[in-house]
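Protein sequences, first through last, are from chains A, B, C, D, E and F. The numbering of the first sequence is the numbering used here, which starts it at 1 and goes up by one. The numbering of the second sequence is the numbering used here, which starts it at 136 and goes up by one. The numbering of the third sequence is the numbering used here, which starts it at 271 and goes up by one. The numbering of the fourth sequence is the numbering used here, which starts it at 406 and goes up by one. The numbering of the fifth sequence is the numbering used here, which starts it at 541 and goes up by one. The numbering of the sixth sequence is the numbering used here, which starts it at 676 and goes up by one. Note that beta-carbon positions come from the ideal geometry of N, C-alpha and C, so glycine has one too. None of these values were measured; they are calculated from a predicted model.
There are 6 protein chains.
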Amino acid sequence: MKTAIYRKEHFNAAHRLFNPSWSDEKNSATFGKCNNPSFHGHNYELIVKLVGEVDPETGYVFDTKVLSDIIKKHILARYDHKNLNLDCEEFKTTNPTAENIAKQIYNTLRSLIDSTLDLKVILYETERNFVEYPA
Amino acid sequence: MKTAIYRKEHFNAAHRLFNPSWSDEKNSATFGKCNNPSFHGHNYELIVKLVGEVDPETGYVFDTKVLSDIIKKHILARYDHKNLNLDCEEFKTTNPTAENIAKQIYNTLRSLIDSTLDLKVILYETERNFVEYPA
Amino acid sequence: MKTAIYRKEHFNAAHRLFNPSWSDEKNSATFGKCNNPSFHGHNYELIVKLVGEVDPETGYVFDTKVLSDIIKKHILARYDHKNLNLDCEEFKTTNPTAENIAKQIYNTLRSLIDSTLDLKVILYETERNFVEYPA
Amino acid sequence: MKTAIYRKEHFNAAHRLFNPSWSDEKNSATFGKCNNPSFHGHNYELIVKLVGEVDPETGYVFDTKVLSDIIKKHILARYDHKNLNLDCEEFKTTNPTAENIAKQIYNTLRSLIDSTLDLKVILYETERNFVEYPA
Amino acid sequence: MKTAIYRKEHFNAAHRLFNPSWSDEKNSATFGKCNNPSFHGHNYELIVKLVGEVDPETGYVFDTKVLSDIIKKHILARYDHKNLNLDCEEFKTTNPTAENIAKQIYNTLRSLIDSTLDLKVILYETERNFVEYPA
Amino acid sequence: MKTAIYRKEHFNAAHRLFNPSWSDEKNSATFGKCNNPSFHGHNYELIVKLVGEVDPETGYVFDTKVLSDIIKKHILARYDHKNLNLDCEEFKTTNPTAENIAKQIYNTLRSLIDSTLDLKVILYETERNFVEYPA
Numbered sequence: 001m002k003t004a005i006y007r008k009e010h011f012n013a014a015h016r017l018f019n020p021s022w023s024d025e026k027n028s029a030t031f032g033k034c035n036n037p038s039f040h041g042h043n044y045e046l047i048v049k050l051v052g053e054v055d056p057e058t059g060y061v062f063d064t065k066v067l068s069d070i071i072k073k074h075i076l077a078r079y080d081h082k083n084l085n086l087d088c089e090e091f092k093t094t095n096p097t098a099e100n101i102a103k104q105i106y107n108t109l110r111s112l113i114d115s116t117l118d119l120k121v122i123l124y125e126t127e128r129n130f131v132e133y134p135a
Numbered sequence: 136m137k138t139a140i141y142r143k144e145h146f147n148a149a150h151r152l153f154n155p156s157w158s159d160e161k162n163s164a165t166f167g168k169c170n171n172p173s174f175h176g177h178n179y180e181l182i183v184k185l186v187g188e189v190d191p192e193t194g195y196v197f198d199t200k201v202l203s204d205i206i207k208k209h210i211l212a213r214y215d216h217k218n219l220n221l222d223c224e225e226f227k228t229t230n231p232t233a234e235n236i237a238k239q240i241y242n243t244l245r246s247l248i249d250s251t252l253d254l255k256v257i258l259y260e261t262e263r264n265f266v267e268y269p270a
Numbered sequence: 271m272k273t274a275i276y277r278k279e280h281f282n283a284a285h286r287l288f289n290p291s292w293s294d295e296k297n298s299a300t301f302g303k304c305n306n307p308s309f310h311g312h313n314y315e316l317i318v319k320l321v322g323e324v325d326p327e328t329g330y331v332f333d334t335k336v337l338s339d340i341i342k343k344h345i346l347a348r349y350d351h352k353n354l355n356l357d358c359e360e361f362k363t364t365n366p367t368a369e370n371i372a373k374q375i376y377n378t379l380r381s382l383i384d385s386t387l388d389l390k391v392i393l394y395e396t397e398r399n400f401v402e403y404p405a
Numbered sequence: 406m407k408t409a410i411y412r413k414e415h416f417n418a419a420h421r422l423f424n425p426s427w428s429d430e431k432n433s434a435t436f437g438k439c440n441n442p443s444f445h446g447h448n449y450e451l452i453v454k455l456v457g458e459v460d461p462e463t464g465y466v467f468d469t470k471v472l473s474d475i476i477k478k479h480i481l482a483r484y485d486h487k488n489l490n491l492d493c494e495e496f497k498t499t500n501p502t503a504e505n506i507a508k509q510i511y512n513t514l515r516s517l518i519d520s521t522l523d524l525k526v527i528l529y530e531t532e533r534n535f536v537e538y539p540a
Numbered sequence: 541m542k543t544a545i546y547r548k549e550h551f552n553a554a555h556r557l558f559n560p561s562w563s564d565e566k567n568s569a570t571f572g573k574c575n576n577p578s579f580h581g582h583n584y585e586l587i588v589k590l591v592g593e594v595d596p597e598t599g600y601v602f603d604t605k606v607l608s609d610i611i612k613k614h615i616l617a618r619y620d621h622k623n624l625n626l627d628c629e630e631f632k633t634t635n636p637t638a639e640n641i642a643k644q645i646y647n648t649l650r651s652l653i654d655s656t657l658d659l660k661v662i663l664y665e666t667e668r669n670f671v672e673y674p675a
Numbered sequence: 676m677k678t679a680i681y682r683k684e685h686f687n688a689a690h691r692l693f694n695p696s697w698s699d700e701k702n703s704a705t706f707g708k709c710n711n712p713s714f715h716g717h718n719y720e721l722i723v724k725l726v727g728e729v730d731p732e733t734g735y736v737f738d739t740k741v742l743s744d745i746i747k748k749h750i751l752a753r754y755d756h757k758n759l760n761l762d763c764e765e766f767k768t769t770n771p772t773a774e775n776i777a778k779q780i781y782n783t784l785r786s787l788i789d790s791t792l793d794l795k796v797i798l799y800e801t802e803r804n805f806v807e808y809p810a
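This is how it looks when you write it as structure tokens:
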């Protein structure tokens, strides 16, 4: 049977939700307060899950210190203290919902983590709203 | 691959655990302090999980504001600041254990949420005791 | 300078808020959902704070294991899995608001803890509502 | 002896730290990542503390439901899902640090809460950085 | 559909990570601060998950009080306030990583819990590092 | 009126409680499980509070990034992943209770922080046991 390891990190970012192909009215009706053109922001809590076999020599599935360093270098450096809409290429045409941010983080990490390990991303936008990709 | 979204809400309720077809002795031996005929209570934390495809127009699996409104209207209005045994028809004949409350919430929400979305209910009775339905 | 120690415990109880000298209408208008005659309930989180000198022989202001035992014997045994209004003499004539429960706990503990130690009680009724006595 | 009551609320906002009378270099050197001109954001947790006598008729220092409504109307409506620098007059000339936001919230609430009650504001910018006013 | 129940417990223990068949240099390079020969320690949070059918007579998958007693007797008595490397036979030859501790707890509980119930162990070493077995 | 700022950090350490001038029997009777000669350990959560005037130019009482760096350099480097009894001079003759660790941290930081700022140290040994110095 395999084992899962989880590593939690966090970043603080500004964003707004909107669809550039829609009218302002439709954007406002759909996204409400989250559509504020001046942006709002969140303390995002990010949990990365890896599933695999335990290495009998180390007792690790994957060294969480190394995982933390990968997340810091490739995810936090990109999103922490940023405006997701203005500062991040990937959200200039994609709406930075929690769902889309989680998928983007997954895609970034998937290419960096050995494919023998299953990968899942859990992202808390607030304590009450969070997402998981893949489900 | 699909994405999961989660929404957390809470309600405060009184309850007692007992089986009306059993003797007082058996009820007390089985349910201990939870069998107190005067009731006790909890701050229930409720997490609702939906799994589906991300809508490319909104970037949402499901609008968490709409999900919150559904939970408030159909679950919190029914259970918040209530006595589950005395005030709620469904627990007059069913023991209001966390397992049974979670299943009841699932059944109520299942009929209100589009069937293309998978649904799961997680219910914390205390920080140390919680349940998930379906597992 | 003195040092403070804190010990956290919890209990689950049912209660309702009402003033027996008022009309049902006034009780309902004042206490809203909390006035439900069938009761509701909470997971109360209790924090007890003692302030004093550190004993140079033990390095303790007060042994938190002993403090925990005192709280379990004199507070939790009295309130855990109880209906505060029905099961507890002290709340038959006093409204079991968080303020009044905290004061009652303070009075009980004050007589049990050496008077050279300052005592404070912090009581969480929910994660969002809590009280402190004395302030 | 008096009793304290606490009420916790939250809001999500964007901000950036900068001093308009300083050069870009000095702003960047002083505020680091928090100086990002595109803004970043936080889930602010706000705790409001009131200290006073318990009303013997209600058992309340102050009705937390009323306090919550005051905070929602006068604080959350003003800051939730806003850009503090762009959308809020008071932070056009004052740097929206946690210290200054807490003081602003205090000043707003002080005029709305009876002066017989002592008032304190605790504001969490992140789980690791928080402030209290007055200390 | 089946239901899951979860019970959370905790224990405090010392440990160090090392592989006795490796050189000191390799151990230090691999395990870093966690290799300190004097040991360090953690507040471990343990969550045990059982999945099964709800008993129609009790409304329980499994009595969480009984589950708590099993965990206290067979896991906490063995690990709480212990040095995992020095005091526990099973970690004299196995590195006490979170992965290996979780698997050991699983193996101990698996023989004590009816095989009709699925079992999973979740172990938090810190708030930011946790594991799950089986995944 | 002054403002308080708080910064939270954490470290993981092993320790045991004992008084070298006492017999083994008295140590065991006094400190119970915490007296285990093989040590046990904790995830310590450390909160440092500074009280002072807000600098009108920065809007800060004190830069929390600078405070974090001071804590990392002078406290975490000394205690994180250490055995407090074996690795730290100051606890070779002083019992490493939470009270004594907090006082030691206070003394270290007091000499590093400008004396115009009031300083307080809050130390969580577990979620349920914590101390504050000075009270």
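Cβ-based burial, residue i [other Cβ within 10 Å; buried from 16]
i, result
"B:LEU277", "Residue 277 of chain B lies beyond the range of chain B shown here (136 to 270); nothing can be said about it."
"B:LEU244", "buried"
"D:ASN512", "exposed"
"C:PRO366", "buried"
"E:GLU672", "buried"
Candidates the options, of which the one nearest residue i by Cα
i, options, result
"C:ALA274", "C:LEU382, C:THR367, C:THR334", "C:THR334"
"D:THR463", "C:LEU320, C:GLY322, C:ARG286", "C:ARG286"
"C:ASN306", "C:ASP384, C:ASN355, C:LYS272, C:GLU402", "C:ASN355"
"C:PHE361", "C:ASN289, C:HIS312, C:VAL324, C:PRO326", "C:ASN289"
"B:PHE146", "C:GLU279, C:GLY302, C:PRO404, C:HIS310", "C:HIS310"
"A:PHE130", "B:PRO191, B:SER163, B:TYR195", "B:TYR195"
"F:ILE745", "F:ALA810, F:GLU684, F:PRO731", "F:GLU684"
Close beta carbons around residue i, own chain, < 6 Å, minus the five adjacent residues each side
i, result
"F:ARG803", "none"
"B:CYS169", "LEU152"
"B:ARG142", "VAL183, THR199, LEU202, SER203"
"F:LEU792", "LEU725, GLY727"
7 Å Cβ shell around residue i - same chain, five flanking residues per side excluded
i, result
"C:ARG348", "CYS358"
"E:LYS622", "ALA553, CYS628"
"B:GLU260", "HIS177, TYR179, ALA233"
C-alpha distance - residue i paired with residue j, whole-angstrom precision
i, j, result
"C:LEU320", "B:THR165", "38 Å"
"E:ILE615", "C:ASP350", "26 Å"
"B:LYS137", "B:LEU247", "20 Å"
"C:LYS342", "C:THR364", "23 Å"
"A:PHE62", "A:VAL54", "8 Å"
"A:GLY32", "F:SER790", "48 Å"
"D:PRO461", "F:PRO809", "34 Å"
"B:SER173", "C:SER308", "10 Å"
8 Å CB neighbourhood of residue i in its chain, flanking five on each side removed
i, result
"F:SER703", "ASN710"
Practice task
State whether the region 101–116 of chain A contacts the region 152–171 of chain B, with contact taken as three or more CB pairs (one from each stretch) at a distance under 8 Å.
Solution key: Touching, no, given that fewer than three Cβ pairs across the two stretches are closer than 8 Å.
Exercise for the section: Inspect the CB distances between the region 793–803 of chain F and the region 720–731 of chain F and report whether three or more fall short of 8 Å. Expected result: yes
Exercise for the section: Using a Cβ-Cβ cut-off of less than 8 Å, give me the residues of the region 624–647 of chain E that come near chain G, in sequence order. Expected result: Among the protein chains of the structure shown, namely A, B, C, D, E and F, there is no chain G.
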